[in-house]
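Residues 2 to 241 (this note's numbering) make up the sequence shown, in order.
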Amino acid sequence: MDSQKKKGKTAAGVAVCLLLLLAIGLMSLNIKEITVSGSEKYTAEELAERLFPEKKDRNMVYCYLKYRFGEHEKIPFVEDYRIVFQGLNKIEVIVYEKKVVGYLTYMSSNMYFDKDGIIVESTNRKLEGIPLVTGLKFGHILLYQPLPVENEEIFDHILTLTQALSNYAISVDRIQYDSRGNADLYIGDIQVVLGDNADLNGKISALNDMLPSLEGMSGILYLDTFDETNTSMMYTFKKK
2 MDSQKKKGKT AAGVAVCLLL LLAIGLMSLN IKEITVSGSE KYTAEELAER
52 LFPEKKDRNM VYCYLKYRFG EHEKIPFVED YRIVFQGLNK IEVIVYEKKV
102 VGYLTYMSSN MYFDKDGIIV ESTNRKLEGI PLVTGLKFGH ILLYQPLPVE
152 NEEIFDHILT LTQALSNYAI SVDRIQYDSR GNADLYIGDI QVVLGDNADL
202 NGKISALNDM LPSLEGMSGI LYLDTFDETN TSMMYTFKKK
């Protein structure tokens with residue numbers, strides 16, 4: 002009887018030791034390599050600092066449990082992210098960024114909004130490639146809430162315009178809208194009068210063709226009379 006008790010205690014002790022060794026082994030599995038994909042707003046180092054600010058966050062076990070059962074970190078301009086565990090000390094962070102189409106200034110801050118008009122971030126930073134949008138009439142602005150404008154269709158127009166500009170890699174400083182939804186672009190010292198949202202892709206295509214000849218000039222280019230059925234149409238450029 003005593004022999005069986007001793008064997009039982011010995012087996013239990015061995016099991017405890019094995020569990021302790023396993024726990025120690027698991028806690029020593031630290032992340033040594035982090036790769037990031039899908040991020041244009043942040044570098045891999047910046048995202049690593051946000052997702053793994055403390056030493057414990059870089060432990061593979063803790064990282065897995067936190068990612069699997071905890072809330073994801075809220076990161077400006079990021080819709081969500083996914084962590085893929087690759088081996089014992091390597092992970093990949095796949096980032097799904099929000100589609101930011103423009104920003105406006107409000108109370109000395111740059112308020113960035115997405116394709117649905119949701120304010121996604123307030124910052125003093127100026128993000129490259131995101132145009133300033135002026136002329137919108139709105140009320141009080143709240144972060145993560147829709148921009149309170151009179152005509153919500155304007156966001157569809159902004160999205161269509163910014164996508165067309167992106168297709169031709171045209172960078173603009175500012176997009177100005179009037180009360181009727183007509184748009185003007187400002188590119189350096191050139192003002193481009195687009196008019197309404199009709200034939201927008203054709204207007205931007207024509208703009209792309211003319212920009213090289215307008216480099217270094219100052220004036221107003223009128224594309225509001227664009228007609229896609231007229232292949233020989235001339236456009237007016239007034240120098241300032």
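Yeah, the Cβ is synthetic: ideal placement off N, Cα and C, and Gly gets one too.
- Taken in chain order, the unbroken stretches of alpha helix (DSSP H) that lie wholly in the segment 132 to 177 and span 4 residues or more are 155 to 168.
- Judged by DSSP secondary structure, residue 45 falls within the alpha helix (DSSP H) whose first and last residues are 45 to 52.
- Residue 201 is a Cβ neighbour of residue 165, given a cutoff of 7 Å.
- Ranked by how close their Cα comes to the Cα of residue 84, the residues 69, 78, 76 and 77 have 69 in first place.
- Collapsing the DSSP output to three states places residue 236 in coil.
- Pairing residue 100 with residue 121 gives a Cβ-Cβ distance that is not under 7 Å.
- The segment 100 to 109 and the segment 43 to 54 do not touch, with fewer than three beta-carbon pairs separated by less than 8 Å.
- Under the DSSP assignment, residue 203 falls in the alpha helix (DSSP H) whose first and last residues are 201 to 215.
- A straight-line Cα-Cα distance of about 39 Å links residue 191 and residue 75.
- Spatial neighbours of residue 203 in its own chain (CB-CB distance under 7 Å, excluding positions within 5 residues in sequence) are listed in chain order as 227 and 229.
- Annotation for residue 163: 102 place their beta carbon closer than 6 Å to its own, counting only its chain and skipping 5 residues before and after.
- For residue 114, the secondary structure class from DSSP, reduced to helix, strand or coil, is strand.
- Counting every other CB atom within 10 Å of its CB across the protein chains shown gives residue 125 a total below 16, marking it as exposed.
- Pairing residue 116 with residue 78 gives a Cβ-Cβ distance that is not under 7 Å.
- Note on the segment 55 to 93: whole beta strand (DSSP E) runs with a minimum of 3 residues are 79 to 86, in chain order.
- Taking all protein chains in view, the Cβ of residue 179 is surrounded by fewer than 16 other Cβ atoms within 10 Å, so the residue is classified as exposed.
- Nearest to residue 235 by C-alpha distance, out of 241, 210 and 218, is 210.
- Residue 118 and residue 182 have their C-alpha atoms roughly 15 Å apart.
- Of 195, 146 and 142, the smallest CA-CA separation from residue 161 is found for 195.
- If you draw a straight line from the Cα of residue 86 to the Cα of residue 40, it comes to about 18 Å.
- Ranked by Cα distance from residue 145, the options 239, 123, 57 and 88 are led by 123.
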